[in-house]
Structure formats: structure tokens, C-alpha cells
Amino acid sequence: MTTAEIITIGTEIVLGQVVDTNAPYIAKALAERGIRACFRTSLCDDKEFLKSALKIATERTDLIITTGGLGLTANDITREAVSEFSGVHLIPGNEVSIHIRDVMGKQPVHGVNEYSKQMLVPEGALVIINDNGTAAGFAFCHNQKIIVCLPGVPGEMQSMLRKFLEVSDLRYKTEEGCTLSRDLHTFGISEIVTEGVVKRCLFSDYRVKTMTLVHDGIITINLLSNATTRRDAVKLLDTAEHNIRQGLGFAVFGVGDETLEYSVAMLLKQRKKTIAVAESCTGGMVSDKLTNIPGISDYFIEGIVAYSNRAKIERLGVPERLITKHGAVSWQVAKAMAEGIRERASADIGIGITGIAGPGGGTERKPVGLVYLGVAGDGAGEVKECRFPGSRISIKKFSTNTALNMVRLKLLHII
31 MTTAEIITIG TEIVLGQVVD TNAPYIAKAL AERGIRACFR TSLCDDKEFL
81 KSALKIATER TDLIITTGGL GLTANDITRE AVSEFSGVHL IPGNEVSIHI
131 RDVMGKQPVH GVNEYSKQML VPEGALVIIN DNGTAAGFAF CHNQKIIVCL
181 PGVPGEMQSM LRKFLEVSDL RYKTEEGCTL SRDLHTFGIS EIVTEGVVKR
231 CLFSDYRVKT MTLVHDGIIT INLLSNATTR RDAVKLLDTA EHNIRQGLGF
281 AVFGVGDETL EYSVAMLLKQ RKKTIAVAES CTGGMVSDKL TNIPGISDYF
331 IEGIVAYSNR AKIERLGVPE RLITKHGAVS WQVAKAMAEG IRERASADIG
381 IGITGIAGPG GGTERKPVGL VYLGVAGDGA GEVKECRFPG SRISIKKFST
431 NTALNMVRLK LLHII
């Protein structure tokens with residue numbers, strides 16, 4: 031099987047100032063073509079470090095893809111490092127020069143000259159034009175290993191990677207077969223239960239491996255299949271997904287890039303239902319997630335952040351006596367918030383959320399992490415009491431996802 035190493039270049043990545051999203055994207059794109067990413071390296075803007083990383087990578091993998099370091103500043107060292115490592119001279123690329131001049135348009139000549147560094151590519155390299163910027167990428171062969179250098183800007187890198195993979199002969203170039211991956215997302219069950227069900231569903235099929243990842247209450251099941259051909263690998267994934275969905279039932283809400291909010295939006299559309307949201311401790315996070323979905327305006331009526339008791343009373347019609355008797359953080363108030371926003375917005379479904387996100391404000395009876403979530407709709411409403419762990423942000427995220435999942439189950443007539 032063709033193996034690969036991904037090298038991300040940038041001091042800001044090593045210092046944790048920027049999260050590297052390029053490497054996961056590249057790894058998935060390669061896996062779809064039967065190429066296994068075995069190593070991932072991040073290093074700062076240092077030419078000697080990059081040369082050392084390239085040496086190690088070429089000794090242990092067939093394909094090396096770098097991102098970053100193709101800009102105009104002194105910190106952009108990828109061209110020089112690759113040239114010195116491979117012994118291939120850098121020369122002005124005619125195709126790159128024309129592209130940069132086209133991008134610059136009628137800019138003065140001295141403006142174009144500022145980009146002279148970006149016009150350099152290794153002699154004999156395949157040039158990968160950047161349709162979204164001036165930093166061209168390139169690919170060339172060194173000691174029977176392929177080195178591909180791409181910009182670090184995710185939007186630019188992604189389109190250029192696709193270009194390279196389309197024109198290269200790497201697609202499904204593997205003797206052992208094709209390896210593909212797929213993610214299934216679940217909510218509402220524990221990781222231990224999930225792993226147990228998955229194990230039973232897949233029996234002892236060594237051709238499909240699994241791994242679970244947990245974040246904000248969501249459990250993602252990563253499926254990895256290995257077969258002789260891509261078609262067979264897809265069949266294995268389809269069968270595994272079918273069996274897992276049978277075993278986990280409505281706990282599975284999405285596949286691939288599908289999110290909880292996407293699942294809710296699609297169900298609202300299918301059921302022709304509308305929704306309105308009243309939030310306190312989540313501060314508008316549920317509304318924010320829903321409005322990330324294109325076309326949601328047909329189903330999302332209104333979102334209110336009723337943070338204070340006064341706002342709950344005046345904006346949502348929560349009876350003051352409920353807050354006085356039970357406190358703002360109570361199932362009675364969450365229920366009243368959900369019913370209040372539903373009635374005021376004339377929506378089919380209303381959500382009400384109230385809780386203590388911390389780090390202060392908790393008591394022995396009502397500790398930090400206590401959250402009540404209400405969903406009002408046709409028939410009886412549903413209120414859930416939760417005690418979420420973690421930081422203030424974690425509690426808000428857990429609460430948001432739980433509320434979305436409650437709506438999803440409501441639309442599926444599970445609750």
C-alpha cells in the first residue's frame with residue numbers, strides 16, 4: 031500500500047496559536063484513494079528542521095505532502111529547504127509568473143517584482159496553480175519518492191490538493207488493496223455501550239476496524255475498511271454502517287460531516303415544522319448552530335437569550351411565582367420558557383434552557399453543571415435534568431447538543 035507523511039509548517043501551529051486543520055483533510059483525501067497517511071509532523075519555520083523532516087519522511091514513506099511556508103516573507107522557507115534537501119535548483123516558473131501577473135492585473139511593475147520569490151519552483155516540477163491566491167504549489171520526484179508542497183491557507187490548500195490528486199497516477203495505487211474510512215455520529219449513549227454494540231454488530235470481521243472519539247457528548251465511530259478494490263471497500267463500509275444503525279437505532283444521527291443541527295434542520299423540513307428557542311445559560315448557542323444551516327429561515331422563527339429573571343418573565347411570560355418558588359434553574363422554569371417561546375413565536379416546537387454554567391453560582395443543592403432543558407410541542411412537553419462536567423464552555427456545548435438531540439427525538443416521535 032502506498033504510504034504518506036504529512037508535514038505542516040508554521041511556528042504558529044507548533045505554539046498552539048493556530049489549529050492545524052490541513053493534516054486531517056489531507057489524510058481523509060488520501061484514504062479515499064487507497065493511500066495510508068502513517069505519519070504527521072508539525073514543525074516551526076526553520077529550514078534545517080524541514081530538511082531533517084524531509085529526510086526522515088523519504089526514508090519511511092512513499093509520498094510526502096507539506097503545507098505552509100510558500101509565502102513571501104523570510105519565514106517562508108519551504109522552497110529553499112526542499113531545493114537544498116533534494117539538490118534540485120529553483121527556477122522561475124513561466125506558468126506561475128503568468129498567473130501572478132494575471133492576479134496582479136494592472137499593478138505597477140515593482141508590485142509584481144515583490145512576488146518574484148513565489149515564481150520559483152524546483153526545476154522539472156509539476157506546477158499546481160493556486161486559483162485562490164498567488165502561492166503556487168509543486169510536486170516532483172526525489173529518489174523514487176513524491177514530494178508535494180502546498181500553501182498553508184486551508185481554502186487554497188484543499189482545492190490544490192484536489193487538483194494534484196486528479197492529475198497524478200496515485201489513485202488506488204496499492205498492491206494490498208484500498209483503505210477507506212467513514213464516520214458515524216451518535217448521541218445519548220455512553221462510549222462503553224457504543225463500543226459494545228459496535229463490536230457485536232461487526233462480529234470478527236478483520237477487514238473493518240473501528241475507533242470511537244468523544245466530544246461534547248457526541249460519540250463518533252470511525253470505520254476503516256480494507257479491501258482489494260475501492261468498490262469492495264465501499265461495500266464493507268455500507269454493510270458495517272447498516273449493522274451499526276440496526277444495533278444503535280435512533281442514537282445514530284449522522285454520517286461524515288453531518289451535524290446534530292443539520293439532522294434537526296432536515297427533520298424540520300421533512301415534517302414541515304417550525305421552531306423557536308429561548309436560551310439562558312447557553313447564551314444563544316443553539317440558535318447559532320441552527321442558523322449555520324442554509325435554508326433554516328424557513329423553519330427557524332425566533333431565538334431569544336433571556337439571561338435575567340426579568341427577561342424570562344417579560345419576554346417569555348414565565349410566571350414570577352415559579353422563579354420565586356423553584357428558582358430560575360428548575361425544570362418548572364425550563365418548561366415555562368419552552369412553552370412561552372413557542373406560544374409567542376407561534377412555532378410548532380419551543381426550546382427552553384436554564385442552568386448554571388459556572389465556574390461560580392453553584393450550591394450544594396444546585397451545583398455547577400446543573401442544566402434543565404425543555405422541549406414543548408404537540409402533546410406533552412419534555413423536560414430533562416442534566417449534570418454536565420467540565421468548564422463553562424464545555425457545559426454550554428453539552429447543553430446545546432443535548433437540546434438539539436431532544437428536538438431531533440421529538441421530531442422522530444421518540445419522546
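The sequence shown begins at 31 in the working numbering and counts up by one.
Glycine included, each C-beta is placed from N, C-alpha and C at the ideal position.
What does the Cβ neighbour count give for residue i, buried or exposed, with the cut at 16 atoms within 10 Å?
i: tyrosine 402; result: buried
i: phenylalanine 233; result: exposed
i: serine 376; result: exposed
i: asparagine 435; result: buried
i: asparagine 173; result: exposed
i: aspartate 92; result: buried
i: lysine 355; result: exposed
i: arginine 438; result: buried
i: aspartate 378; result: buried
i: glutamate 35; result: buried
i: arginine 372; result: buried
i: glutamate 205; result: At glutamate 205 the pLDDT is 42, less than 50, meaning the model places this residue with poor confidence; the figure from the coordinates comes in the next sentence. It is exposed - the Cβ of glutamate 205 has fewer than 16 other Cβ atoms within 10 Å.
i: proline 152; result: buried
i: methionine 241; result: exposed
i: glutamate 196; result: exposed
i: glutamate 89; result: exposed
i: leucine 191; result: buried
i: serine 293; result: buried
i: glycine 325; result: exposed
i: threonine 393; result: exposed
Give me the Cα-Cα distance between residue i and residue j, rounded to the nearest whole angstrom.
i: valine 49; j: threonine 258; result: 35 Å
i: serine 429; j: leucine 346; result: 20 Å
i: glutamate 62; j: serine 338; result: 50 Å
i: cysteine 74; j: methionine 296; result: 43 Å
i: glycine 141; j: methionine 134; result: Interpretation of glycine 141 is limited by its pLDDT of 49, a score under 50 that renders its predicted location unreliable; no figure is taken from the coordinates.
i: valine 307; j: cysteine 416; result: 18 Å
i: alanine 447; j: glycine 314; result: Residue 447 lies beyond the range of the chain shown here (31 to 445); nothing can be said about it.
i: tyrosine 202; j: arginine 70; result: Only weak support exists for where tyrosine 202 lies, its pLDDT of 39 falling under 50; the coordinates are left without a value.
i: valine 139; j: serine 146; result: At valine 139 the pLDDT is 44, less than 50, meaning the model places this residue with poor confidence and gives no usable figure here.
i: arginine 237; j: alanine 263; result: 9 Å
i: cysteine 68; j: serine 211; result: 14 Å
i: glycine 277; j: threonine 224; result: 9 Å
i: leucine 243; j: aspartate 213; result: 10 Å
i: aspartate 132; j: proline 122; result: 16 Å
i: glycine 154; j: alanine 87; result: 21 Å
i: tyrosine 329; j: isoleucine 445; result: 20 Å
i: leucine 441; j: asparagine 162; result: 41 Å
i: serine 1; j: glycine 279; result: Because the chain spans 31 through 445 in this model, residue 1 falls outside it and cannot be assessed.
i: arginine 250; j: serine 116; result: One detail in the question is off: residue 250 reads as threonine in this sequence, not arginine. Using only the alpha carbons, I get a separation of about 41 Å.
i: glutamine 148; j: threonine 103; result: 10 Å
i: proline 419; j: isoleucine 425; result: 7 Å
i: isoleucine 386; j: alanine 336; result: 14 Å
i: lysine 229; j: valine 112; result: 45 Å
i: lysine 136; j: asparagine 322; result: For lysine 136, the pLDDT reaches just 49, beneath the cut-off of 50, and the residue's location in the model is therefore unreliable, although a value from the coordinates is still provided. Their backbone Cα atoms lie some 38 Å apart in a straight line.
i: glutamate 221; j: aspartate 246; result: 12 Å
i: glycine 333; j: alanine 53; result: 36 Å
i: threonine 304; j: leucine 266; result: 38 Å
i: isoleucine 343; j: isoleucine 248; result: 33 Å
i: serine 198; j: serine 189; result: 14 Å
i: lysine 414; j: glycine 404; result: 6 Å
If the criterion is Cβ atoms closer than 8 Å, does the pair residue i and residue j meet it?
i: phenylalanine 170; j: isoleucine 159; result: no
i: isoleucine 383; j: alanine 364; result: yes
i: leucine 180; j: threonine 51; result: no
i: lysine 81; j: glutamate 114; result: yes
i: histidine 129; j: alanine 166; result: yes
i: threonine 32; j: isoleucine 56; result: no
i: alanine 406; j: glutamate 369; result: yes
i: proline 397; j: arginine 422; result: no
Margin query: My parser needs the alpha helix (DSSP H) runs of 4 or more residues fully inside the region 181-229; what are they?
Written below: The region 181-229 contains these whole alpha helix (DSSP H) runs: 184-197.
Item checked: Every unbroken alpha helix (DSSP H) inside the region 294-332 [4 residues or more] -> As for any alpha helix (DSSP H) of minimum length 4 sitting wholly inside the region 294-332, the runs are 315-320, ordered along the chain.
Next item on the list: Check whether the region 352-366 touches the region 284-293, taking contact to mean three or more Cβ pairs, one atom from each stretch, closer than 8 Å.
Entry: Remark: fewer than three beta-carbon pairs, one from each stretch, lie closer than 8 Å, so the region 352-366 and the region 284-293 are not flagged as touching.
Notebook entry, point to check: Counting pairs of beta carbons, one from the region 73-89 and one from the region 103-121, are three or more of them closer than 8 Å?
Noted result: Three or more beta-carbon pairs separated by less than 8 Å link the region 73-89 to the region 103-121, which places the two stretches in contact.
Checklist line | Three CB pairs or more closer than 8 Å across the region 258-277 and the region 296-307 | finding: No: the two stretches stay apart, fewer than three of their Cβ pairs being nearer than 8 Å.
Check: Would you call the region 172-187 and the region 209-219 touching, i.e. three or more CB-CB distances under 8 Å?
Finding: Not touching, per the Cβ criterion.
Next item on the list: Output the residue ranges of the alpha helix (DSSP H) runs that lie fully inside the region 91-118 and measure 4 residues or longer, sorted by chain position.
Entry: Listed in chain order, the complete alpha helix (DSSP H) runs (minimum 4 residues) inside the region 91-118 are 108-116.
Margin query: Contact between the region 315-322 and the region 419-433 is defined here as three or more beta-carbon pairs at a separation below 8 Å; is this criterion met?
Written below: The region 315-322, when compared against the region 419-433, does touch it at the 8 Å Cβ threshold.
Checklist line | Runs of beta strand (DSSP E) wholly within the region 377-426 (minimum 3 residues, chain order) | finding: The qualifying runs are 379-385, 400-406 and 412-417.
Next item on the list: At 4 residues or longer, and completely inside the region 222-282: list those alpha helix (DSSP H) runs for me, N to C.
Entry: At a cut-off of 4 residues, the continuous stretches assigned as alpha helix (DSSP H) that sit fully inside the region 222-282 are 260-278.
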